[in-house]
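Numbering (the numbering used here), first residue to last: 14 to 226.
Report on the following structure.
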């Protein structure tokens with residue numbers, strides 16, 4: 014059964030969350046640097062779920078060096094079936110990725126959760142995300158921390174982005190949306206086949222012009 018993070022970690026305020034592996038391209042170093050700037054102005058907690066033990070230890074050390082270790086909570090990977098239950102406990106979901114071409118799979122889960130999403134404004138994210146469904150920021154500690162603060166201070170904006178993100182998933186990436194596109198494709202193919210068939214039939218039965226002798 015998924016943990017109640019606020020109770021387990023004694024979190025009383027806003028909760029930011031990252032879920033995924035901790036490879037360098039995911040931008041965890043950027044996330045921690047940005048979070049350190051935020052903590053100078055606001056009290057908030059960051060929960061990081063996932064990663065190999067060696068990576069967790071590396072970033073725990075960075076958090077200690079930045080003197081933010083009391084507000085940064087590293088948790089081991091959780092079962093996929095529990096992902097939604099953990100995402101639902103966050104106020105803001107972050108994807109600080111600094112490299113990559115493909116959209117992270119976590120983005121689809123983030124959006125589907127109905128929570129506000131903060132991501133770097135790189136093609137790896139902007140293939141799917143825009144300012145209507147997520148907060149996008151340049152991959153620098155200064156810019157990313159400002160975006161964090163903007164979302165933290167504006168609950169209405171968080172709710173607006175969360176709803177828009179979930180709508181995007183439902184209309185474009187859900188099973189229902191896929192099924193509709195598939196049915197539309199079948200309808201189009203059927204129409205094309207019928208038109209081609211009628212053209213062939215009409216051509217075959219059309220009287221041939223008589224040649225005058």
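Each residue gets a CB set at the ideal place from its N, CA and C atoms; glycine is no exception.
Here the structure is a predicted model, which is why all the values come from computation and not from measurement.
The beta carbon of residue 164 sits closer than 7 angstroms to the beta carbons of 105, 129, 131, 148, 170 and 171 from its chain, once the five residues preceding and following it are set aside; these are given in chain order.
For the set 17, 111, 14 and 23, the Cα lying nearest the Cα of residue 157 is the one of 111.
If you look at residue 116, you'll find it isn't in any beta strand (DSSP E); DSSP assigns it neither H nor E. Within the same chain, and ignoring the five residues on either side of residue 160 in sequence, the residues whose Cβ sits closer than 6 angstroms to its Cβ are 131, 148 and 150.
Residue 37 is classed as exposed because its beta carbon has fewer than 16 other beta carbons within 10 Å across all chains shown. With contact defined as three or more Cβ pairs closer than 8 angstroms, the region 20 to 28 and the region 109 to 126 are not in contact. Within the same chain, Cβ atoms closer than 7 angstroms to the Cβ of residue 54 are found at 162, the five residues on either side in sequence being excluded. Contact check for residue 124 against residue 181 passes: the beta carbons are separated by less than 8 angstroms. When C-alpha distances from residue 70 are compared across 58, 57, 88 and 56, the shortest belongs to 88.
Within the DSSP bridge table, the entry for residue 30 names 60 and 106 as partners. For a cut-off of 8 angstroms, the C-beta gap from residue 97 to residue 127 is around 10 angstroms, too long to register as a contact.
Excluding the 5 residues flanking it on each side, residue 17 has same chain C-beta neighbours closer than 8 angstroms at 102, in chain order. For residue 48, the enclosing alpha helix (DSSP H) covers residues 41 to 52. Distance from the CA atom of residue 146 to the CA atom of residue 155, rounded to whole angstroms, is 22 angstroms. Annotation for residue 157: the continuous alpha helix (DSSP H) segment containing it runs 154 to 166. Per DSSP, the continuous alpha helix (DSSP H) segment holding residue 96 begins and ends at 96 to 100.
Within the model, the alpha-carbon separation for residue 51 versus residue 42 is close to 14 angstroms. Each residue's CA atom was taken as its position, placing residue 49 and residue 92 some 29 angstroms apart.
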